[in-house]
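What follows is a short report on a single structure.
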Amino acid sequence: MTRSLCHIVGAADAGARLDALMAERGLYPSRSAAARAIEEGAVFVNGANVAKKHAVAAGDTVVYEAPEEAAPRALEGEPIDLDIRFEDEHLLVLSKQVGLVCHPSVDHYDGTLVNALVHHCGAANLCNVQGEDDRLGIVHRLDRDTSGLMLAAKTDEAGYALMEDIRARAVDRRYLALVHGVIPHDTGMVDAPIARAEKERTRMAVRDVPSARDAVTTFRVLERFEHGPRDDGYTLIDCKLFTGRTHQIRVHMEYAKHPLAGEPVYRSRAPKDPTADLGLERQFLHSFQLAFTHPATGEELSFADNLPADLQAALDSLADRSRGRTEAGREVFELLRDAPHPRL
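Residue numbers for the sequence shown, in full-length UniProt numbering: 1 to 344.
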């Protein structure tokens with residue numbers, strides 16, 4: 001027997017496509033599944049059948065047939081190579097390779113970092129502080145095409161402590177980013193709330209809406225590069241996260257009119273010249289430094305990770321256009337001089 005369920009559209013979702021809303025709010029497992037249900041007449045907005053692209057309004061009543069529940073898939077370990085920099089019985093630090101998704105999703109259930117961790121540690125030896133089997137070991141995330149250092153927890157005690165330290169801004173997470181344009185000042189801060197984009201619900205954006213969450217990014221200029229007309233060059237920056245919102249650095253730097261080189265999504269302010277991305281096939285963003293207090297021993301731990309080959313090649317291509325490194329730049333490159341290069 002089919003069950004009918006009801007959803008009231010909130011103000012934050014006003015203007016969203018119906019199929020996108022249903023996927024985003026978890027009414028259906030995916031946008032394509034929602035679209036099929038709408039096309040089959042199983043979804044009503046204010047009592048009427050509408051198109052999947054229908055824009056909903058705040059207060060709309062969406063009545064839909066509950067999707068059939070698929071049998072849950074068992075999470076399996078997979079022998080995926082991990083570049084582990086530190087490991088004990090409580091946690092591990094690794095350098096995540098490009099292309100590795102952190103955890104399974106409806107459309108990407110295999111080949112993730114969680115699958116690799118389950119294979120390496122065993123599911124019983126990973127924290128489950130988020131209460132979901134497909135998040136085992138995860139205390140924070142990196143985007144699929146962002147590389148570099150990240151933490152994973154083995155015990156729930158370590159997981160809770162690390163997540164609390166991240167919320168309290170006690171974990172130092174720094175990223176190297178190459179952005180379009182020459183930034184004239186040596187330091188900066190972007191303090192702007194982030195929410196789902198109004199029309200493209202898979203994107204994030206700086207928005208002043210009730211659903212937006214506070215987001216703060218600071219940065220230091222490390223090196224500036226000439227390219228083309230005045231101020232059309234590049235700037236290498238060291239970004240520090242004070243919050244951990246989805247795509248935060250990428251969204252904030254686009255908002256600051258300095259999108260990342262190679263950025264595939266947040267590039268509305270990027271140069272139109274296709275050579276301006278320096279041959280990059282992903283955003284120039286790398287988690288190069290991670291420092292935290294070990295939750296069990298109290299030891300202060302700090303790790304550095306050099307640039308992977310693709311980002312280093314892009315940076316090397318600008319060497320003859322450098323205006324010179326700043327004091328912060330000399331400090332960071334001194335740190336990286338003895339840091340290991342990513343193995344994967």
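Backbone N, C-alpha and C define an ideal beta-carbon position, used for all residues, glycine too. A quick note: this is a predicted structure, and the numbers were derived from the prediction, not measured.
Residue of the options minimising C-alpha distance to residue i
i: residue 152; options: 130, 168, 328, 145; result: 130
i: residue 5; options: 40, 45, 275; result: 45
i: residue 76; options: 247, 182, 117; result: 117
i: residue 306; options: 186, 336, 97, 239; result: 336
i: residue 198; options: 38, 108, 212, 81; result: 212
i: residue 248; options: 283, 56, 329; result: 283
i: residue 137; options: 121, 147, 148, 149; result: 121
i: residue 34; options: 62, 168, 243; result: 62
i: residue 64; options: 180, 50, 57, 333; result: 50
i: residue 94; options: 320, 183, 302; result: 302
i: residue 255; options: 277, 289, 242, 215; result: 215
i: residue 173; options: 195, 150, 297, 266; result: 150
i: residue 143; options: 82, 101, 242; result: 101
i: residue 238; options: 318, 179, 171; result: 179
i: residue 154; options: 327, 90, 219, 42; result: 90
i: residue 133; options: 341, 145, 109; result: 109
i: residue 297; options: 88, 41, 139, 24; result: 88
i: residue 181; options: 52, 313, 146, 228; result: 228
i: residue 233; options: 210, 42, 257, 164; result: 257
i: residue 145; options: 299, 334, 287, 333; result: 287
i: residue 40; options: 30, 52, 304; result: 52
Three-way DSSP call (helix, strand, coil) for residue i in this model
i: residue 190; result: strand
i: residue 98; result: coil
i: residue 159; result: helix
i: residue 217; result: strand
i: residue 16; result: coil
i: residue 120; result: helix
i: residue 197; result: coil
i: residue 312; result: helix
i: residue 333; result: helix
i: residue 40; result: coil
i: residue 321; result: helix
i: residue 1; result: The predicted position of residue 1 is uncertain, since its pLDDT is 47 and thus under 50; no value can be drawn from it.
i: residue 130; result: coil
i: residue 266; result: coil
i: residue 21; result: helix
i: residue 168; result: coil
i: residue 183; result: coil
i: residue 56; result: coil
Residue i versus residue j - alpha carbon distance
i: residue 361; j: residue 264; result: A query on residue 361 cannot be resolved here, the shown segment of the chain reaching from 1 to 344 and no further.
i: residue 21; j: residue 324; result: 48 angstroms
i: residue 3; j: residue 66; result: 6 angstroms
i: residue 156; j: residue 293; result: 16 angstroms
i: residue 343; j: residue 124; result: 27 angstroms
i: residue 127; j: residue 291; result: 20 angstroms
i: residue 245; j: residue 37; result: 31 angstroms
i: residue 190; j: residue 9; result: 31 angstroms
i: residue 185; j: residue 329; result: 14 angstroms
i: residue 161; j: residue 295; result: 6 angstroms
i: residue 169; j: residue 159; result: 15 angstroms
i: residue 277; j: residue 321; result: 15 angstroms
i: residue 338; j: residue 240; result: 21 angstroms
i: residue 92; j: residue 340; result: 16 angstroms
i: residue 318; j: residue 331; result: 20 angstroms
i: residue 113; j: residue 148; result: 13 angstroms
i: residue 1; j: residue 175; result: Reliability of the predicted coordinates at residue 1 is poor, the pLDDT of 47 falling under 50, and no value is obtained from them.
i: residue 28; j: residue 200; result: 18 angstroms
i: residue 204; j: residue 327; result: 33 angstroms
i: residue 281; j: residue 98; result: 10 angstroms
i: residue 309; j: residue 333; result: 16 angstroms
i: residue 267; j: residue 243; result: 22 angstroms
i: residue 105; j: residue 135; result: 10 angstroms
i: residue 78; j: residue 111; result: 7 angstroms
Assumed close pair residue i, residue j - CB separation to whole angstroms, cut-off 8 angstroms
i: residue 260; j: residue 285; result: 6 angstroms
i: residue 252; j: residue 217; result: 5 angstroms
i: residue 80; j: residue 119; result: 7 angstroms
i: residue 16; j: residue 56; result: 6 angstroms
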